[in-house]
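Colleague:
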Amino acid sequence: MNCRLKVDNNGGAWCPKHMVSRGLKEYLQIDLLQVHVITAIRTQGRFGKGQGQEYTEAYVLEYWRPGFEKWLRWKTIQGKEILTGNINTYSEVENILQPIIFASKVRIYPYSQYDRTVCLRAEVVGCLWEDAIVSYSIPKGVQRGMEIDLSDKTYDGHEESDRFVGGLGQLVDGQKGKDNFRTDIHGFGKGFEWIGWRNDTPSLLGHPVEITFEFESVRNFSAVILHTNNMFIKDVQVFVHAKVFFSISGRQYAGEPVQFSYMPDTVLDHARDVTIKLHHRLGKYLQIHLYFAARWIMLSEITFISTPIFGNFTDEDFANGAIGGAPQDNAEYPLQRDEVERVINGNLVNAVSRKHHWVMISPKPIDHPEPENSLIGFIFAVLVAIILVLVVVILLIVIRNKRGRGGNVLDAFQHNFNPDTLGGADKRLNCNGMKAVTMDNDSESIDKSSLYHEPFNVNMYTSAASGCSMNDMQRQHVTPDYTAYLEKKSWTV
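Heads up: the sequence shown is residues 1 to 493, going by full-length UniProt numbering.
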C-alpha cells in the first residue's frame, strides 16, 4: 500500500534495498489477478511529507499472463525499452503504452545509468480483458512494396514455420485501420494498422488464410466481427467465403463448420465490418478460414460476441452431436446437424448432454448489432415512395389541364358553327337593326347569285352574331331582292 500513487504513508514509497544502475535486479510487481488491458503507467517519487529526496528517472516494464512460459520485456513500436520517469519527488508522470499490454502481472524495474538510490510510487491504467482470448495464431504477414509492412508488428508470441503462435497483437488491440491502407495515422509507418496476406505466397498458394483463437474457457459464440479492407483498385478485397470451426481441446475440430459467403463489392472501396453469425456454437478453440476474392486479404481487427459457460466437455461430445448450439436465427445456411434445440421447463436452451449441466455466466441477452443495410433500405424505400407519389400527382395535373383546354375549344366550335345553321333551310340574322340577308339554295338563287356583286365581309357576321340575343334571330323565308342593289351598282361599271 505504501507504493500507491498519491499515498504518503510509512515512508511514502517503495524503495529498492540496493542502489540501482543499468543492471535490472529489483522490481515492483503488481498482481492484477486477472488478465487486463493496460494502456498507461503513472509514477511518482517519495515525497515523505516533504522530507523525501528519492525518485526514479527511468524504468523498464515486464509482464506476464497465463500461457506464457516466461516474463516478456515490453518495448515500443520503434523497439525502445526504457521509459522516462520522474524529475522530482511529488509530480506525476504518465507514459502511454503503445502497443498496449495484455497481462495479469506487471513488473517495474527502476533504471539508472549511474548508481543511485531511488524510490517509487506507481499505478497502472487499463481495464479488464473481457474478450478472454488467451492467444491467436496467424500466418506471417507479408511486405507490400518497399514501404508497407503488413505483418503483425505488435505480436508478443513467437514464430513457427511462417506462422505466429502463442501471442496477442494487432488483431485484438482495438485500433481499426482506415480505408486507404497506405496512410500513416500515428506516425508508425504506412499500413501499420493492417495485417495482409497475398494469395501467391508459397505457404498460402491454393489455401485459405487460417486464423486460430484460444479462449480461457468454453464459450457460447453468437458472432464474430472482422474489420476488413476493400480497396479493390489495389487488388484488395473482402474475403469471398469463410468457414468457422469449433473445438474443445484444440486438437480435433469436429462437427460441421459455420459457413458464410460475401458478395464482392467493386463499387465502394471503404473498409468495413463484416459480421458472421455463429449461432450459439460452443468451443474453447475457434478456427477461421478466409478464402481470397482478389490477390490480397487485409484485416485490422477481430472481435467476438460470446459468453462463458461451465461444464465438462470433450471433443467426443461434439462428434456425437451431444453439444453444439441453439438453432440458427436468420442463418445464412440451413440448420447444421450439430445444432439442435430442446425445450426444458418451458425455456428454449442449447441442447447439451444431461451429464454436463452447464450454465451461462451472464443472464442478460446478447445484443446483436443491427445491420446498417436495414436502415439504408428503409430510407431508400421511403424516398422511392415519395418520388412515385409526386410523379402520379404531376401526371394527374397534366391530364386534367389537357382535358380542360380540349373542352373549351369544343364549346367554342359548337357555338360558332351550329350545324343547324349549315343545313338547307334559310336563316336570316337581324341584329341591332342590320339589314337582313337571306341565303337560298334553290336554282333561282343560284342564277341571281351568279351576277356580279361585292363580296360579303365575314367579320360582319361574326361581330353581329356576337351581339345578338335569341329574340333578334328570326327564321325568314323571303327571297332576297337584288334589283335595287344591281341598279345602284350598274352606273359604276
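Just so you know, even glycine gets a beta-carbon here, dropped at the ideal spot from N, CA and C.
Would you kindly report the start and end of the unbroken beta strand (DSSP E) that includes aspartate 31?
Modeller: Within the sequence shown, residue 31 is the residue found at index 31, counting from 1. Taken as a continuous stretch (DSSP letters only), the beta strand (DSSP E) holding aspartate 31 covers 28-44.
Colleague: Count the other CB atoms, across all protein chains shown, that sit within 10 Å of the CB of threonine 56; report buried if there are 16 or more and exposed otherwise.
Modeller: As a working mapping, residue 56 is identified with position 56 in the sequence shown. It counts as buried.
Colleague: Return helix, strand or coil for tryptophan 491, following the three-state DSSP convention.
Modeller: One-based indexing of the sequence shown puts residue 491 at position 491. At tryptophan 491 the pLDDT is 42, less than 50, meaning the model places this residue with poor confidence; the figure from the coordinates comes in the next sentence. Coil, per DSSP.
Colleague: When DSSP builds the beta bridges, which residues end up paired with valine 209?
Modeller: Taking the first residue of the sequence shown as 1, we reach residue 209 at position 209. The partner list for valine 209 (beta bridge, DSSP) reads Leu290.
Colleague: Indicate the three-state DSSP secondary structure (helix, strand or coil) for aspartate 152 in the structure shown.
Modeller: In the sequence shown, counting from the first residue as 1, residue 152 sits at position 152. Three-state DSSP puts aspartate 152 in coil, outside helix and strand.
Colleague: Check whether the region 245-252 and the region 186-205 touch, using three or more Cβ-Cβ pairs below 8 Å as the test.
Modeller: Counting Cβ pairs under 8 Å, fewer than three are found: no touch.
Colleague: Is it buried or exposed for valine 267, if we count other Cβ within 10 angstroms and need 16 for buried?
Modeller: For this step, residue 267 is matched to residue 267 along the sequence shown. Valine 267 should be labelled exposed.
Colleague: What does DSSP give as the partner residue(s) for valine 125 in the beta ladder?
Modeller: Translated into positions along the sequence shown, residue 125 becomes position 125. DSSP output for valine 125 lists Ala40 as bridge partner(s).
Colleague: In the DSSP assignment, what are the bridge partners of methionine 298?
Modeller: Working through the sequence shown from its first residue, we reach residue 298 at position 298. DSSP, once it has assigned bridges, lists Gly196 as partnering methionine 298.
Colleague: Closest by CA to glutamate 316, which one among Ile38, Gly283, Thr303 and Arg295?
Modeller: The sequence position of residue 316 within the sequence shown is 316, counting from 1. It is Gly283.
Colleague: With DSSP as the reference, label arginine 144 as helix, strand or coil.
Modeller: In the sequence shown, residue 144 corresponds to position 144, counting from 1. It is a strand residue.
Colleague: Considering only the beta carbon of each residue, do glycine 85 and tyrosine 109 sit closer than 9 Å?
Modeller: In the sequence shown, residue 85 corresponds to position 85, counting from 1. In the sequence shown, residue 109 corresponds to position 109, counting from 1. Their beta carbons are not under 9 Å apart, which means glycine 85 does not touch tyrosine 109 by this criterion.
Colleague: Between the Cα of glycine 67 and those of Asn199, Leu226 and Val165, spot the shortest distance and give me the residue it belongs to.
Modeller: In the sequence shown, residue 67 corresponds to position 67, counting from 1. Ranking the options by Cα distance to glycine 67, first place goes to Val165.
Colleague: Could you give the C-beta distance for valine 7 and arginine 144, rounded to a whole number, given that I count them as a contact under 8 Å?
Modeller: Within the sequence shown, the letter at position 7 stands for residue 7. Within the sequence shown, the letter at position 144 stands for residue 144. Between arginine 144 and valine 7 the Cβ distance is about 50 Å, and since that is not below 8 Å, they are no contact.
Colleague: At the level of alpha carbons, what is the spacing between methionine 19 and threonine 117?
Modeller: As a working mapping, residue 19 is identified with position 19 in the sequence shown. As a working mapping, residue 117 is identified with position 117 in the sequence shown. Rounded to the nearest angstrom, the two C-alpha atoms are 5 Å apart.
Colleague: Under 8 Å: do the region 175-187 and the region 121-139 share three or more Cβ pairs, one atom per stretch?
Modeller: Segments in contact, no.
Colleague: Apart from the five residues just before and just after arginine 272, which ones in its own chain have a Cβ nearer than 8 Å to its Cβ?
Modeller: Position 272 of the sequence shown, counting from 1, holds the residue named residue 272. Only His227, Thr228, Asn230 and Val238 meet the Cβ criterion.
Colleague: Which partner residues does valine 118 have in the DSSP bridge list?
Modeller: Here residue 118 is taken as the residue at index 118 of the sequence shown, counted from 1. Beta-bridge pairing links valine 118 to no other residue.
Colleague: In whole angstroms, what is the alpha-carbon distance linking alanine 177 and glutamine 170?
Modeller: As a first step, residue 177 is located in the sequence shown; it is residue number 177 there, counting from the start. As a first step, residue 170 is located in the sequence shown; it is residue number 170 there, counting from the start. The sequence given here places glycine at residue 177; alanine does not occur at that position. Whole-angstrom Cα-Cα distance: 10 Å.
Colleague: Per DSSP, serine 261 forms a beta bridge with which residues?
Modeller: Working through the sequence shown from its first residue, we reach residue 261 at position 261. Looking at the DSSP assignment, serine 261 forms a beta bridge with His241.
Colleague: Which of the three DSSP states is assigned to valine 393 in this structure?
Modeller: For the purposes of this step, residue 393 is taken as the residue at position 393 of the sequence shown. Here valine 393 sits in helix by DSSP.
Colleague: Could you please give the first and the last residue of the uninterrupted beta strand (DSSP E) stretch that includes leucine 5?
Modeller: By one-based count along the sequence shown, residue 5 stands at place 5. Run containing leucine 5: none; DSSP gives neither H nor E here.
Colleague: Between arginine 198 and arginine 295, is the Cβ-Cβ spacing less than 9 Å?
Modeller: Reading the sequence shown from its first residue, position 198 is the one you call residue 198. Reading the sequence shown from its first residue, position 295 is the one you call residue 295. Yes. Within cutoff.
Colleague: Could you tell me the alpha carbon to alpha carbon distance between phenylalanine 47 and glutamine 29, rounded to whole angstroms?
Modeller: Here residue 47 refers to the residue found at position 47 when the sequence shown is read from its first residue. Here residue 29 refers to the residue found at position 29 when the sequence shown is read from its first residue. Roughly 21 Å separates the two Cα atoms.
Colleague: Drop a sphere of 10 angstroms on the beta-carbon of residue 539, count the other beta-carbons inside from all chains shown, and report buried for 16 or more, exposed for fewer.
Modeller: Residue coverage of the chain in this structure runs from 1 to 493, which leaves residue 539 outside it and unanswerable.
Colleague: Since glutamine 44 contacts tyrosine 90 with CB under 8 Å, what's their CB separation in whole angstroms?
Modeller: Locating residue 44 in the sequence shown gives position 44, counting from the first residue. Locating residue 90 in the sequence shown gives position 90, counting from the first residue. With a Cβ gap of about 7 Å, glutamine 44 and tyrosine 90 count as contacting.
Colleague: Under 9 Å, do phenylalanine 260 and histidine 280 count as touching if we go by C-beta distance?
Modeller: By 1-based counting over the sequence shown, the position of residue 260 is 260. By 1-based counting over the sequence shown, the position of residue 280 is 280. Not in contact: phenylalanine 260 and histidine 280 (Cβ atoms no closer than 9 Å).
Colleague: Would the beta-carbon of cysteine 127 fall within 9 Å of that of histidine 270?
Modeller: Taking the first residue of the sequence shown as 1, we reach residue 127 at position 127. Taking the first residue of the sequence shown as 1, we reach residue 270 at position 270. Contact flag unset, no.
Colleague: Can you give me the C-alpha to C-alpha distance between asparagine 180 and valine 398, rounded to a whole angstrom?
Modeller: Numbered from its first residue, the sequence shown carries residue 180 at position 180. Numbered from its first residue, the sequence shown carries residue 398 at position 398. So the alpha carbons of these two residues sit roughly 51 Å apart.
Colleague: How would you call asparagine 220, buried or exposed, if buried means at least 16 neighbouring beta carbons within 10 angstroms?
Modeller: To locate residue 220, count along the sequence shown from 1; it is residue 220. Buried, because 16 or more other Cβ atoms sit within 10 Å of the Cβ of asparagine 220.
Colleague: Just curious, the beta strand (DSSP E) that alanine 103 is in, first and last residue?
Modeller: In the sequence shown, residue 103 corresponds to position 103, counting from 1. Here the beta strand (DSSP E) through alanine 103 covers 93-111.
Colleague: Does the separation of the CB atoms of isoleucine 100 and isoleucine 38 fall below 9 Å?
Modeller: Translated into positions along the sequence shown, residue 100 becomes position 100. Translated into positions along the sequence shown, residue 38 becomes position 38. Yes, the Cβ-Cβ distance between isoleucine 100 and isoleucine 38 is below 9 Å.
Colleague: So which of Leu290, Ser306 and Glu147 has the shortest CA-CA distance to serine 222?
Modeller: For this step, residue 222 is matched to residue 222 along the sequence shown. Out of Leu290, Ser306 and Glu147, Ser306 has the C-alpha closest to the C-alpha of serine 222.
Colleague: Between the alpha carbons of asparagine 88 and glycine 157, how many angstroms are there, rounded?
Modeller: Numbered from 1 along the sequence shown, position 88 holds the residue referred to as residue 88. Numbered from 1 along the sequence shown, position 157 holds the residue referred to as residue 157. Distance between the alpha carbons of asparagine 88 and glycine 157: 37 Å.
Colleague: First and last residue of the beta strand (DSSP E) that includes tyrosine 136?
Modeller: The residue labelled residue 136 in the question sits at position 136 within the sequence shown. First-last of the beta strand (DSSP E) with tyrosine 136: 133-139.
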